[in-house]
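If you're matching positions, the sequence shown starts at 449 in this note's numbering and goes up one per residue. C-beta: ideal position from N, C-alpha, C; glycine also. The structure displayed is predicted, hence computed values, not measured ones.
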Amino acid sequence: MSASTATAVPETHATVLAASQASEHRPLIITLFGIFVVATLVITVWAGRQTKSAADFYAGGRQFTGFQNGLAVSGDYMSAASFLGIAGAIALFGYDGFLYSIGFLVAWLVALLLVAEPLRNSGRYTMGDVLAFRMRQRPVRTAAGTSTIVVSIFYLLAQMAGAGVLVSLLLGITSDGGKVAIVALVGVLMIVYVTIGGMKGTTWVQMVKAVLLIAGALLLTFLVLLKFDFNISDLLGSAAENSGKGAPFLEPGLKYGATSTSKLDFISLGIALVLGTAGLPHILIRFYTVPTAKAARKSVNWAIGIIGAFYLMTIALGFGAAALISPKEITDSNPAGNTAAPLLALHLGGTDSNWGAILLATISAVAFATILAVVAGLTLASSSSFAHDIYANVIKKGKASEKEEVRAARWATVAIGIVSIGLGTLARDLNVAGLVALAFAVAASANLPTILYSLFWKRFTTQGALWSIYGGLTTAVVLVLFSPVVSGNEKTSMFKGVDFHWFPLENPGLISIPVGFLLGWLGTLLSKEEPDKEKYAELEVRSLTGTGAH
449 MSASTATAVP ETHATVLAAS QASEHRPLII TLFGIFVVAT LVITVWAGRQ TKSAADFYAG
509 GRQFTGFQNG LAVSGDYMSA ASFLGIAGAI ALFGYDGFLY SIGFLVAWLV ALLLVAEPLR
569 NSGRYTMGDV LAFRMRQRPV RTAAGTSTIV VSIFYLLAQM AGAGVLVSLL LGITSDGGKV
629 AIVALVGVLM IVYVTIGGMK GTTWVQMVKA VLLIAGALLL TFLVLLKFDF NISDLLGSAA
689 ENSGKGAPFL EPGLKYGATS TSKLDFISLG IALVLGTAGL PHILIRFYTV PTAKAARKSV
749 NWAIGIIGAF YLMTIALGFG AAALISPKEI TDSNPAGNTA APLLALHLGG TDSNWGAILL
809 ATISAVAFAT ILAVVAGLTL ASSSSFAHDI YANVIKKGKA SEKEEVRAAR WATVAIGIVS
869 IGLGTLARDL NVAGLVALAF AVAASANLPT ILYSLFWKRF TTQGALWSIY GGLTTAVVLV
929 LFSPVVSGNE KTSMFKGVDF HWFPLENPGL ISIPVGFLLG WLGTLLSKEE PDKEKYAELE
989 VRSLTGTGAH
């Protein structure tokens, strides 16, 4: 999903300008970053002291209100993809870039209508709890844990890539070694947040970050509209003209209409975005942090309002960047356009003024806060699933103490952090919105079919669940590995100089999501296992009414 630009990233005007502004005001930039990191570490340590049980570590003691959880869900959902990736995609591809905003927003309706409340009523800490309620514990928990970890790592890649780009721009770091060091720093901070603060610390960090991100986006939106006298028509006209593409910049097809393959890629992307949210582990576990089903509903409603407002503002961010900065400046700074929002801040404040540097530093600090909060949520989801599903219920067969379970989650956090750092260094030139779309596709292929079948299909069996999770997961991951995202495109692939791709689409959702649903249905039909109708009836009552929920 990245822009087609040269692989080499030369030191051009945009990079030099941002770097020189950053170097002049480096004390201010480091101070802003430092204030946020220290403040969030204080919150994390405070929350860590209150984390005494597994319920505290996994679900924040179920003490958050609907509004607090809605704010935290927004913080979890509005990732680097939303802020950096979408702004870059719109700045480079106009109308087609905005499709990400629409997809991410519409996806919330699926989460609200189909899974938010039933999931909160049916489980305790993880997706595996819902599946294990009426199926064989060990195989479905292993499958759910594996899927959660794979999806989370895909999503973590995007955040790590965003962090590397952002801090490199600010600190004027151009060497590969320096960028790797930045990704490692983000990974270490993420490990600290989760191991010390658990869900309580992570939730408070996400709430703070959501407020900062909305405030930052609101400020940029106001300044962009002010620049064009609040005339949106003038803004769009200037963006189309400055992009060098003219009228097609404001019409469908600039990225996804040139060939039949790109049209299929668009359909694949759309399906993945709309269905993916309801299967994302780090979003699903947020519903367990509220005390009642009513609070779960309320938190999703708050999240829709906050997220909706933010995605409307991405129009101003993306088209503002297209109108005020040349496409060459954006792509020379980062091939995938991920620096469009920080560069927009610099141009709005004045490229040669103190205000420009202050705005650049502030917006970049907000984006960095966004990345740290989201990676903490993702790591918590995957480490919780490993500890609760795989370690406690599969390896220890349900005999692990709460203390052992939480210790396993903390060690899992370290391991997942190390893997994410390694993979994040490879993905730094890919568009972060595109990388997140891959995570959505994997989640919609492996997790969503199993959750829906488990909640709403009486005949669904253990074999159906295993076929659905492993089949959907394997199909999605294999298609990604052999797609242009990984190899075959000298300008935008993860591995340059090699070509082993045979799957033409950048997003596998068009194939892998139907495969996940089909295998769940087929595995159930071919299963000799008799479904437990009494357990299903109990799950149905519980998921719809909340009776007996934890």
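Item: The stretch 851-865 / the stretch 680-696 touching (three or more Cβ pairs under 8 Å); Value: no
Item: Alpha carbon of Phe-484 to alpha carbon of Trp-859, nearest angstrom; Value: 26 Å
Item: Distance, Leu-970 Cα to Ile-644 Cα; Value: 44 Å
Item: Span of the alpha helix (DSSP H) around Thr-810; Value: 802-833
Item: Chain-order list of residues whose beta-carbon lies under 7 Å from that of Trp-915 (same chain, five-residue window excluded); Value: Leu-967, Gly-968, Leu-970, Gly-971
Item: Three-state secondary structure assigned by DSSP to Asn-724; Value: Per the sequence shown, the amino acid found at residue 724 is Gly instead of Asn. Reduced to three states, the DSSP call for Gly-724 is helix.
Item: Thr-460 classed as buried or exposed, judged by whether at least 16 other C-beta atoms fall within 10 angstroms; Value: Because Thr-460 carries a pLDDT of 47, less than 50, the predicted location of this residue cannot be relied on, and the following value inherits that uncertainty. When all chains shown are included, Thr-460 counts as exposed.
Item: Spatial distance of Thr-787 from Thr-898 (CA atoms); Value: 37 Å
Item: Which of helix, strand or coil DSSP assigns to Gly-542; Value: coil
Item: Cβ pair Gly-612, Gly-785 closer than 7 Å; Value: no
Item: Sequence-distant residues of the same chain with beta carbon closer than 7 Å to Met-655, five excluded per side; Value: Gln-516, Leu-519, Ala-520, Gly-523
Item: For Ala-985, the nearest candidate out of Thr-479, Phe-602, Leu-903, Gly-593 (CA to CA); Value: Leu-903
Item: Limits of the unbroken alpha helix (DSSP H) element including Asn-679; Value: It is not in any alpha helix (DSSP H) - Asn-679 carries neither H nor E in the DSSP assignment.
Item: Gly-1009 versus Ile-869 - alpha carbon distance; Value: Nothing about residue 1009 can be reported from this structure: the residues present for the chain run from 449 to 998 only.
Item: Any 3 or more C-beta pairs closer than 8 Å across the stretch 749-768 and the stretch 538-555; Value: yes
Item: Same chain, Cβ closer than 7 Å to Asn-955, neighbours up to 5 away in sequence not counted; Value: Asp-713, Ser-716, Leu-717, Ala-720, Ala-885, Leu-886, Ala-889
Item: Per-residue burial, Pro-475 [other beta carbons within 10 Å of its own, 16 or more giving buried]; Value: exposed
Item: Meets three-Cβ-pair contact criterion under 8 Å: the stretch 807-817 and the stretch 838-848; Value: no
Item: Closest residue to Leu-661 among Leu-820, Ser-941, Arg-855 (Cα-Cα distance); Value: Leu-820
Item: DSSP three-state assignment for Ala-848, whether helix, strand or coil; Value: coil
Item: Sequence ranges, alpha helix (DSSP H) only - wholly within the stretch 854-918, length at least 4; Value: 880-904
Item: Top-ranked residue by Cα proximity to Ile-630, from Val-640, Gly-649, Met-647, Ala-609; Value: Ala-609
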